[in-house]
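Beneath this line is the structure, given in structure tokens, with notes to follow.
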Amino acid sequence: MDSRSSDPAPLRATARHGLKVVVVGGFGVGKTTMVRSVSEIRPLSTEETMTGAGAGVDDTSAVRAKTTTTVAFDFGRITLDDELVLYLFGAPGQERFWFLWDRLFSGTLGAVVLVDTRRVRDSWYAIDRLEHHGTPFIVARNNFGHPRHSLDQLRDALDLPHHVPLVDCDARRRDSGKAVLVALVNHLFALSSAREPTP
Numbered sequence: 000m001d002s003r004s005s006d007p008a009p010l011r012a013t014a015r016h017g018l019k020v021v022v023v024g025g026f027g028v029g030k031t032t033m034v035r036s037v038s039e040i041r042p043l044s045t046e047e048t049m050t051g052a053g054a055g056v057d058d059t060s061a062v063r064a065k066t067t068t069t070v071a072f073d074f075g076r077i078t079l080d081d082e083l084v085l086y087l088f089g090a091p092g093q094e095r096f097w098f099l100w101d102r103l104f105s106g107t108l109g110a111v112v113l114v115d116t117r118r119v120r121d122s123w124y125a126i127d128r129l130e131h132h133g134t135p136f137i138v139a140r141n142n143f144g145h146p147r148h149s150l151d152q153l154r155d156a157l158d159l160p161h162h163v164p165l166v167d168c169d170a171r172r173r174d175s176g177k178a179v180l181v182a183l184v185n186h187l188f189a190l191s192s193a194r195e196p197t198p
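Taken in order, the sequence shown gives residues 0 to 198; the numbers are from numbering that gives the first Met the number 0.
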């Protein structure tokens, strides 16, 4: 049993700064899993059972065991320190729900693009939309144990600029998911510091 469901973590009275972060990527790449694994509260989930209505619409060939899907977004929270809190939103992956992404990106300080190397092309749209919005992001390879490409090969396949961090993770593991979010926060702070005028 998940102890977070019966003993939710209250928001600290010292919390001063909230960062909105979005996890995006292809269908079935592990976005909901990541939000669930790192959230210190019971996450809000809009997962629904997949039905015959999605047959011929959603490509499930690479995720045949998947029985549920996010139809709006997932939401979780994680406290980074006494003052800094991340509000985490997981975006739906199917193309028919992409119209929701622009709304989710509103007010977002940064994003994680979760990638399954078995389906690299599923990540192109997410990267394109984030670049279109000017939203800083990092890319995380969800390592299912047998990655088909090295990180350098993945960077080339995604045509990812060298200033965009590319990290490995296991979305099922809380420590791994937290490390991805810390990498994103560090990237955001680095970008912010680079923009500050020198005295």
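The beta carbon of each residue, even a glycine, is placed where N, CA and C say it ideally should be.
Straight-line gap, residue i to residue j (C-alpha atoms, nearest Å)
{"i": "P42", "j": "T107", "result": "18 angstroms"}
{"i": "L87", "j": "D158", "result": "26 angstroms"}
{"i": "S122", "j": "T13", "result": "37 angstroms"}
{"i": "A178", "j": "R102", "result": "26 angstroms"}
{"i": "G89", "j": "E82", "result": "23 angstroms"}
{"i": "D174", "j": "V181", "result": "10 angstroms"}
{"i": "E195", "j": "H132", "result": "21 angstroms"}
{"i": "V23", "j": "A125", "result": "6 angstroms"}
{"i": "H162", "j": "L129", "result": "15 angstroms"}
{"i": "V20", "j": "L183", "result": "9 angstroms"}
{"i": "L190", "j": "G144", "result": "32 angstroms"}
{"i": "L99", "j": "I137", "result": "20 angstroms"}
Contacting residues, own chain, Cβ-Cβ under 6 angstroms from residue i (five flanking each side not counted)
{"i": "A54", "result": "Its pLDDT being 49, under 50, A54 is placed unreliably by the model, and the measurement read from it follows with that caveat. Cβ neighbours of A54 beyond the five flanking positions: none."}
{"i": "V34", "result": "P42, D73, G75, L87, G89"}
{"i": "G29", "result": "L113, N141, A170"}
{"i": "D151", "result": "none"}
{"i": "A139", "result": "V111, L113, V166, C168, V179"}
DSSP state of residue i mapped onto helix, strand, coil
{"i": "T13", "result": "coil"}
{"i": "A170", "result": "coil"}
{"i": "T107", "result": "coil"}
{"i": "D121", "result": "helix"}
{"i": "G24", "result": "strand"}
{"i": "V163", "result": "coil"}
{"i": "G89", "result": "strand"}
{"i": "D73", "result": "strand"}
{"i": "T204", "result": "Absent from the model: residue 204. The displayed extent of the chain is 0 to 198, so no value can be given."}
{"i": "L79", "result": "coil"}
{"i": "A139", "result": "strand"}
Own chain, CB closer than 7 angstroms to residue i, minus 5 neighbours either side, in chain order
{"i": "L187", "result": "L108, G109, P135"}
{"i": "R220", "result": "A query on residue 220 cannot be resolved here, the shown segment of the chain reaching from 0 to 198 and no further."}
{"i": "P160", "result": "none"}
{"i": "G25", "result": "G92, D115, R118, D121, S122"}
{"i": "L79", "result": "L85, V184"}
{"i": "R201", "result": "As shown, the chain starts at 0 and ends at 198. That puts residue 201 outside it, with no answer to give."}
{"i": "T50", "result": "Bear in mind that a pLDDT of 49 at T50, under 50, signals an unreliable position, so the model cannot answer this."}
{"i": "G176", "result": "M33, S36, V37, C168, A170"}
Beta-carbon separation (whole angstroms), residue i vs residue j, contact threshold 8 angstroms
{"i": "L85", "j": "L165", "result": "With a Cβ gap of about 20 angstroms, L85 and L165 do not count as contacting."}
{"i": "N141", "j": "V114", "result": "7 angstroms"}
Sequence-distant residues of its chain with Cβ nearer than 8 angstroms to residue i (five each side left out)
{"i": "V119", "result": "H148, L153, A156, L157"}
{"i": "S192", "result": "none"}
{"i": "F104", "result": "V21, A110, R128, L129, H132, T134"}
Any non-hydrogen atom of the ligand NAP within 6 angstroms of residue i CB
{"i": "S105", "result": "Only the bare structure without any ligand can be found here, which leaves the ligand NAP out of the picture."}
Cβ of residue i within 7 angstroms of any chain D Cβ
{"i": "G24", "result": "The chain labelled as chain D is not found in the depicted structure, where only one protein chain is given."}
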